[in-house]
Amino acid sequence: MNRIRWIALAVAAVVVLGWWLWWRSPSVQAPRTFAALARAMADGDAGGVVGRVHGGYDYRAQWPDLFSADEIGRLEPRQLAFLGLRQLFEHHRDDPIRCAYEVHEVTPQDDGSVAVVATLRLSTASGAMMIGPAGPLERHRFILARDGWSAALFFRGHDPIALKR
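Structure below.
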């Protein structure tokens, strides 16, 4: 009887370890990152959008035309992004922004980050957005990375995104 318990315990440990490794895998976490971004945008949640951004994300390098030194003043780029998104979502309160995505490729990198090729489409029911990408981001490259102990991935970078204003 004691031997059966040890075998059951060993099997349970292997199952838990397998689940944990599967759950942490980039192929599971990358789509969850995009889903969380889409959900935050649908809810008009600026904090939820900024919350999906990695602590090491370089706002000034990724968006040089939006985060010039003159515009920032005393605000940190992350705080400025939050305020800008909050204003954007407020402007679109009656015509919410929708985010559709499709993850095409997920490739772990040597530095622990994950390169993701995905299509991202932002739209509104009316078709008029105050500011946004100049078009759909077709097969666009994003860099995701963990930030701390969590299995979750966060946006750390991406290929340039042209904006229309």
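Reading the sequence shown from the start, the letters are residues 0 to 164 in numbering that gives the first Met the number 0.
Using N, Cα and C, we set each Cβ at its ideal position, and we do this for glycine too.
So is residue i buried or exposed if we call it buried at 16+ other beta carbons inside 10 Å?
i: Ser167; result: For the chain, the structure presents residues 0 to 164; residue 167 sits outside this window and is missing.
i: Pro25; result: buried
i: Arg2; result: exposed
i: Gln28; result: buried
i: Ala39; result: buried
i: Leu74; result: exposed
Throw me the rounded Cβ distance for the residue i and residue j pair, which I believe falls under 8 Å.
i: Val48; j: Arg77; result: Contact flag wrong, Cβ pair sits at about 11 Å.
i: Glu104; j: Val113; result: Between Val113 and Glu104 the Cβ distance is about 10 Å, and since that is not below 8 Å, they are no contact.
i: Leu162; j: His139; result: At roughly 14 Å, the Cβ-Cβ gap does not stay under 8 Å, so Leu162 and His139 are not in contact.
Taking just the CA atoms, how far does residue j sit from residue i?
i: Gly46; j: Pro95; result: 16 Å
i: Arg92; j: Pro132; result: 19 Å
i: Val52; j: Arg155; result: 6 Å
i: Gln86; j: Gly17; result: 44 Å
i: Ile145; j: Ser125; result: Correcting the residue type first, residue 145 is Arg in the shown sequence and not Ile. Going from the Cα of Arg145 to the Cα of Ser125 covers about 36 Å.
i: Ala9; j: Phe88; result: 51 Å
i: Ile142; j: Arg4; result: 45 Å
i: Pro63; j: Ala12; result: 49 Å
i: Gly83; j: Gly111; result: 30 Å
Are at least three pairs of beta-carbons, each pair with one atom in the region 27-40 and one in the region 146-162, less than 8 Å apart? yes
At 4 residues or longer, what runs of the alpha helix (DSSP H) sit wholly inside the region 51-138? The region 51-138 contains these whole alpha helix (DSSP H) runs: 58-61, 68-71 and 76-90.
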